[in-house]
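Report on the following structure.
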Amino acid sequence: RMGSATSMSSAVINSRLQELVRLFKDRTERVKERLIDSDVTSDDESPVASPAAALVPAPGAELEGDKPSGDEHYCEMLCCTFKYRRWLDRLKSFQFPSSIDPLTNLMYVLWLFFVVMAWNWNCWLIPVRWAFPYQTPANIHYWLLVDYLCDLIYLLDILIFQTRLQFVQGGDIITDKKAMKENYLRSQRFKMDVLCLLPLDFFYFKVGVNPLLRFPRCLKYMAFFEFNSRLEAILTKAYIYRVIRTTAYLLYSLHVNSCLYYWASAYEGLGSTTWVYDGEGNSYIRCYYWAVKTLITIGGLPDPKTLFEIVFQLLNYFTGVFAFSVMIGQMRDVVGAATAGQTYYRSCMDSTIKYMNFYKIPRTVQNRVKTWYEYTWHSQGMLDESELLVQLPDKMRLDIAIDVNYNIVSKVPLFQGCDRQMIFDMLKRLRSVVYLPNDYVCKKGEIGREMYIIQAGQVQVLGGPDGKSVLVTLKAGSVFGEISLLAAGGGNRRTANVVAHGFANLFILEKKDLNEILVHYPESQKLLRKKAKKMLKSNNKPKDEQQGPGDALILAPKADTPKLFKAALAAAGRMGGKGPLGRLRWRLKEMKVMQ
Numbered sequence: 063r064m065g066s067a068t069s070m071s072s073a074v075i076n077s078r079l080q081e082l083v084r085l086f087k088d089r090t091e092r093v094k095e096r097l098i099d100s101d102v103t104s105d106d107e108s109p110v111a112s113p114a115a116a117l118v119p120a121p122g123a124e125l126e127g128d129k130p131s132g133d134e135h136y137c138e139m140l141c142c143t144f145k146y147r148r149w150l151d152r153l154k155s156f157q158f159p160s161s162i163d164p165l166t167n168l169m170y171v172l173w174l175f176f177v178v179m180a181w182n183w184n185c186w187l188i189p190v191r192w193a194f195p196y197q198t199p200a201n202i203h204y205w206l207l208v209d210y211l212c213d214l215i216y217l218l219d220i221l222i223f224q225t226r227l228q229f230v231q232g233g234d235i236i237t238d239k240k241a242m243k244e245n246y247l248r249s250q251r252f253k254m255d256v257l258c259l260l261p262l263d264f265f266y267f268k269v270g271v272n273p274l275l276r277f278p279r280c281l282k283y284m285a286f287f288e289f290n291s292r293l294e295a296i297l298t299k300a301y302i303y304r305v306i307r308t309t310a311y312l313l314y315s316l317h318v319n320s321c322l323y324y325w326a327s328a329y330e331g332l333g334s335t336t337w338v339y340d341g342e343g344n345s346y347i348r349c350y351y352w353a354v355k356t357l358i359t360i361g362g363l364p365d366p367k368t369l370f371e372i373v374f375q376l377l378n379y380f381t382g383v384f385a386f387s388v389m390i391g392q393m394r395d396v397v398g399a400a401t402a403g404q405t406y407y408r409s410c411m412d413s414t415i416k417y418m419n420f421y422k423i424p425r426t427v428q429n430r431v432k433t434w435y436e437y438t439w440h441s442q443g444m445l446d447e448s449e450l451l452v453q454l455p456d457k458m459r460l461d462i463a464i465d466v467n468y469n470i471v472s473k474v475p476l477f478q479g480c481d482r483q484m485i486f487d488m489l490k491r492l493r494s495v496v497y498l499p500n501d502y503v504c505k506k507g508e509i510g511r512e513m514y515i516i517q518a519g520q521v522q523v524l525g526g527p528d529g530k531s532v533l534v535t536l537k538a539g540s541v542f543g544e545i546s547l548l549a550a551g552g553g554n555r556r557t558a559n560v561v562a563h564g565f566a567n568l569f570i571l572e573k574k575d576l577n578e579i580l581v582h583y584p585e586s587q588k589l590l591r592k593k594a595k596k597m598l599k600s601n602n603k604p605k606d607e608q609q610g611p612g613d614a615l616i617l618a619p620k621a622d623t624p625k626l627f628k629a630a631l632a633a634a635g636r637m638g639g640k641g642p643l644g645r646l647r648w649r650l651k652e653m654k655v656m657q
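Letter by letter, the sequence shown follows residues 63 to 657 in my numbering.
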């Protein structure tokens, strides 16, 4: 039986060894293929080649100096070798995305820019070509070339981009090609896009090249408003673009009015009356100047003579008052939205100053309060970060907290090894506080109920006999007060003063917030308790270990009893306890019992 068992075990071992040999052989072949052909990939991690192996060429391979490097991209044709550029490969391998996210895709925003440029070409130059004599038979082919280039952009927008836009239906993001195309065909956007491409240009053969036949091209205004929305979402200072856009509205209204004025002058006859344009100088500049004076109601214009001129001027005045008031109101809203935060800051500061003056707060305290307001506003752009984050969903608040604070909190020794989700919950409870120079973060003897994380600036730990000696300076990323969070009995006492050295921005985690979190993580709570006990033991060493050889003692230690005197007392006890030594021995024994 023993022989049969031995033979079976040896057979199993042999089969296992053969399987291992086969696996190693297969792996060696794969590694050899990767060394020969660098384009071959594998699911396994590529082994790190030793320096010696890197110098030995693989079988059938050439030395590195005998063959052009792959980065130079050479192409062999017939008997010659030609070099071509890498961007050609990228251009050939480029594939247009099957679906486009209109909210986050920057390529789509760039395409909308070209669409808006084509739309602006039509909106600005169609009235100019209709009213002013700038379109002539000599340059008509240039105008038509740009016109049909804009039409091509419109057509590509309909056929390629709009049919690939993702949309949300029932909470799901739809990326199916057929569904995206049907959604676009059912939308109002598709109807306006088709309307703006009406082929009225065929009437050119009957009435000539009249720019008014291209007026439907101006109906692609939905692309303009979409571009505004997408661009404002990616700009850091969107109010600057809003100011520019509002100014462009005003300039365009003046542009249209100047074109109408030249048309009215041509209808009445150039120079026929004192009110119309006299035909001298640059026609567009002169008419634009007249439009500015009319719409802004500056005055100083010649009086209209005919009924047509009077009606035209009255409509101009009414339109100018309405349009200019709208522009001014919109500009006020844009500037007000851009300075809303600054206005809120000034309002809070003024209210605080009024309060301090009412209660006659000392001037030094008022100056420190003003300094805190100014530094907090200029350093973080707001007075309280929680006011901004409270508007966001819980998941987004967590994402922001992880990006800002996780690298710092994860390095705290007390929290290493804890549940990752517990640390995430803790990040959302951190509160940012700004300390001014020489502000006390915590004082010696206080009950510690917070942990501090230095986000920016420095703090100094003070100690020594006078309590003013700098023991250590903590910089950004340092943590202190973490043992206080888990100390029993309401928190341990602070053992030193901590003062802000310059302006310091700290994150604070309060004890009650941590206790609310640890209720849901009992394992992490046990781990934190153990770590806190170890850290407390290492901090609370015996006095003889803490004192150095040169430390002075307030009370001198009690001297030990001499050995000779101890022997005399023991002998007196053996002799019956009589005499002075016996009485002294009895007295010492009584005092020992009392102690």
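No residue lacks a Cβ here, since even glycine has one placed at the ideal position from N, Cα and C.
### Message
Distance check for residue 402 and residue 318, CA to CA, integer angstroms please.
### Response
So the two alpha carbons sit approximately 34 angstroms from each other.
### Message
Report the CB separation of residue 277 from residue 174 in whole angstroms; it is logged as a contact under 8 angstroms.
### Response
Taking a contact as a CB-CB distance under 8 angstroms, the pair residue 277 and residue 174 does not count as one, their CB atoms being some 22 angstroms apart.
### Terminal residues of the alpha helix (DSSP H) in which residue 203 lies
It spans 202-218 - the alpha helix (DSSP H) in which residue 203 sits, taken as one unbroken run.
### Query
Do residue 321 and residue 223 have their C-beta atoms closer together than 9 angstroms?
Taking 9 angstroms as the Cβ cut-off, residue 321 and residue 223 do not qualify as a contacting pair.
### Query
Going by other Cβ atoms of all chains shown within 10 Å of its Cβ, with 16 needed for buried, is residue 514 buried or exposed?
Classification of residue 514: buried, given that the 10 Å Cβ count is 16 or more.
### Query
How should residue 144 be labelled, buried or exposed, when 16 other C-beta atoms within 10 angstroms of its C-beta is the threshold for buried?
At residue 144 the pLDDT is 49, less than 50, meaning the model places this residue with poor confidence; the figure from the coordinates comes in the next sentence. Looking at its Cβ environment, which holds fewer than 16 other Cβ atoms inside 10 Å, residue 144 is exposed.
### Query
Is the segment 505-525 touching the segment 563-570, taking contact as three or more C-beta pairs under 8 angstroms?
Yes, the segment 505-525 touches the segment 563-570.
### Task
Using only alpha-carbon positions, find the residue among 586, 470 and 220 that is nearest to residue 542.
Considering only alpha carbons, the answer is 470.
### Query
In angstroms, rounded to a whole number, what distance separates the CA positions of residue 345 and residue 381?
Rounded to the nearest whole angstrom, the C-alpha separation of residue 345 and residue 381 is 22 angstroms.
#### Entry: Nearest residue (CA-CA) to residue 204, options 392, 271, 577 and 504
Residue 271 is the option with its Cα nearest to residue 204.
### Query
Is the segment 370-388 touching the segment 340-356, taking contact as three or more C-beta pairs under 8 angstroms?
Yes, they touch.
### Message
Applying the 10 Å Cβ sphere with the 16-neighbour rule, what's the burial state of residue 475?
### Response
Residue 475 is exposed by the Cβ-count criterion.
### Task
Please state whether DSSP places residue 283 in a helix, a strand or coil.
Secondary structure of residue 283 (DSSP, three-state): helix.
#### Entry: Buried or exposed (CB count within 10 angstroms, at least 16 for buried), residue 484
A residue is called buried when at least 16 other Cβ atoms come within 10 angstroms of its Cβ; residue 484 meets this threshold and is buried.
### Query
Between the segment 402-414 and the segment 360-370, do at least 3 Cβ pairs fall closer than 8 angstroms?
Three or more beta-carbon pairs separated by less than 8 angstroms are not found between the segment 402-414 and the segment 360-370, which leaves the two stretches without contact.
### Message
Just to confirm the assignment: which complete alpha helix (DSSP H) runs, minimum length 4, are found wholly within the segment 425-482?
### Response
List check, alpha helix (DSSP H) in window: 425-442, 447-451 and 456-471.
### Message
Given this structure, state the Cα-to-Cα distance separating residue 398 from residue 405, to the nearest angstrom.
### Response
Rounded to the nearest angstrom, the two C-alpha atoms are 9 angstroms apart.
### Task
State the CB to CB distance for the pair residue 275 and residue 262, rounded to an integer number of angstroms; the pair is presumed to be in contact (CB under 8 angstroms).
Between residue 262 and residue 275 the Cβ distance is about 4 angstroms, and since that is below 8 angstroms, they are a contact.
#### Entry: Neighbour-count burial assignment, residue 593, 16 or more Cβ in a 10 Å radius
It counts as buried.
### Message
Do residue 576 and residue 547 count as a contact pair if the criterion is CB distance below 9 angstroms?
### Response
With a cutoff of 9 angstroms on beta-carbon distance, residue 547 and residue 576 are scored as near each other.
### Message
Tell me which residues share the same chain as residue 443 and place their Cβ nearer than 8 angstroms to its Cβ, disregarding the 5 neighbours each side in the sequence.
### Response
Contacts found: 403.
#### Entry: Beta-carbon proximity list for residue 389, same chain, < 7 angstroms, skipping 5 on both sides
Sequence-distant Cβ neighbours of residue 389 in its own chain, meaning closer than 7 angstroms and more than five residues away, are 308, 311 and 312.
### Query
Are at least three pairs of beta-carbons, each pair with one atom in the segment 480-498 and one in the segment 450-469, less than 8 angstroms apart?
With a cut-off of 8 angstroms, the segment 450-469 and the segment 480-498 count as touching, because enough Cβ pairs lie within range.
### Query
What are the start and end residues of the alpha helix (DSSP H) that includes residue 342?
Per DSSP, residue 342 lies in no alpha helix (DSSP H) and is assigned neither H nor E.
### Query
Any idea if residue 296 is buried or exposed, counting beta-carbon neighbours within 10 angstroms, 16 or more meaning buried?
In summary, residue 296 is exposed, with fewer than 16 beta-carbon neighbours lying within 10 Å of its beta-carbon over all protein chains present.
### Message
With distance defined between alpha-carbon atoms, name the residue in 238, 254, 479 and 202 nearest to residue 266.
### Response
Answer by Cα proximity: 202.
### Query
Going straight from the alpha carbon of residue 482 to that of residue 579, what length do you get?
Looking at the two C-alpha atoms, the distance is approximately 12 angstroms.
### Task
Below 8 angstroms on the Cβ atoms is my guess for residue 568 versus residue 503; work out the distance and round it to an integer in Å.
Confirmed, about 7 angstroms.
### Message
Using a 10 Å radius around the Cβ and a threshold of 16 neighbouring Cβ atoms, would you call residue 338 buried or exposed?
### Response
Residue environment: residue 338 is assigned as buried (16 or more neighbouring CB atoms within 10 Å of its CB, all protein chains considered).
### Query
DSSP three-state call for residue 508: helix, strand or coil?
Here residue 508 sits in coil by DSSP.
### Query
Who does residue 567 pair with in a DSSP beta bridge?
Residue pairing by DSSP puts residue 567 in a beta bridge opposite 496 and 518.
### Query
What separation, rounded to the nearest whole angstrom, lies between the Cα atoms of residue 243 and residue 391?
Residue 243 and residue 391 have their C-alpha atoms roughly 40 angstroms apart.
#### Entry: residue 477 classed as buried or exposed, judged by whether at least 16 other C-beta atoms fall within 10 angstroms
By the 10 Å Cβ count, residue 477 comes out buried.
### Message
Quick check on the burial criterion: 16 or more other C-beta atoms within 10 angstroms. Buried or exposed for residue 649?
### Response
With fewer than 16 other Cβ atoms within 10 Å, it is exposed.
### Task
To the nearest angstrom, report how far apart residue 221 and residue 273 are at their CA atoms.
Approximately 26 angstroms between the Cα atoms of the pair.
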